[in-house]
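Peer 1: Sharing a structure, written as structure tokens. Questions coming.
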Amino acid sequence: MGVKRSLLVEASGGPLSVVIAGANVPDFKLLEATLDAIVTERPEPTEQAPQHLCLDKGYDKQPAREVLERHRYVPHIRRIGEEKKDDAGEKRYPARRWVVERTLGWLSKCRAILVRYDKKATNYLGLIKVACILLWYRRRHRLSLLR
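At position 140 of the sequence shown the residue is numbered 131 (the working numbering), and the sequence of numbers has no breaks.
Given below as structure tokens:
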């Protein structure tokens, strides 16, 4: 039994929401549930301060774009088959997916999350949320030592 973790993180990698589903569910079908699961209050986007959301090519579908429009995000989705290159044909901007991959790597250091041992999805999701809380605590503690 495989499991897919859909994770939304802030710019520096702090987890904001997490949703789980079967491994055979496409990424774009989990987008709305992931956006609705944000645990902090989201500031209202304005024209002066729009909110951007970077997604990978798995979200390059019309239903995902409609969800982002409803939630008032400015989407940054690389088109399938497209690479970002400048006039000389060189790659210009590196992908920002590494922030999410790094956070998933941090979560995978917890043995109970790396391999799903729980039969109930709610227990597994609870473990992931506890690990996210632990990540936030460690980040906050590390920042307080620097002050």
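Yeah, the Cβ is synthetic: ideal placement off N, Cα and C, and Gly gets one too.
Between the C-alpha atoms of A55 and R63, what's the straight-line distance to the nearest angstrom?
Peer 2: About 12 Å.
Peer 1: Are there three or more Cβ pairs, one per stretch, closer than 8 Å when the region 103 to 122 is compared with the region 6 to 18?
Peer 2: The region 103 to 122 is in contact with the region 6 to 18.
Peer 1: Please list the terminal residues of the continuous beta strand (DSSP E) segment that includes Q39.
Peer 2: It is not in any beta strand (DSSP E) - Q39 carries neither H nor E in the DSSP assignment.
Peer 1: For F19, which residues in the same chain have their Cβ closer than 7 Å to its Cβ, ignoring the five residues on either side in sequence?
Peer 2: Cβ within range, chain order: G49, Y50, K52, P54, A55.
Peer 1: Among the candidates L44, R133, R70, whose CA atom is the shortest distance from the CA of T25?
Peer 2: The residue with the shortest Cα to Cα distance from T25 is L44.
Peer 1: For G4 versus V65, is the C-beta spacing smaller than 9 Å?
Peer 2: Taking 9 Å as the Cβ cut-off, G4 and V65 do not qualify as a contacting pair.
Peer 1: Classify I68 as buried or exposed, calling it buried when 16 or more other Cβ atoms lie within 10 Å of its own Cβ.
Peer 2: So I68 counts as buried.
Peer 1: Measuring alpha carbon to alpha carbon, tell me which of L46, I119, R61 ends up nearest E35.
Peer 2: Minimum Cα distance to E35 is reached at R61.
Peer 1: Closest to D47 by C-alpha separation, out of V(-6), L22, N15, would be which residue?
Peer 2: For D47, the nearest C-alpha among the options comes from L22.
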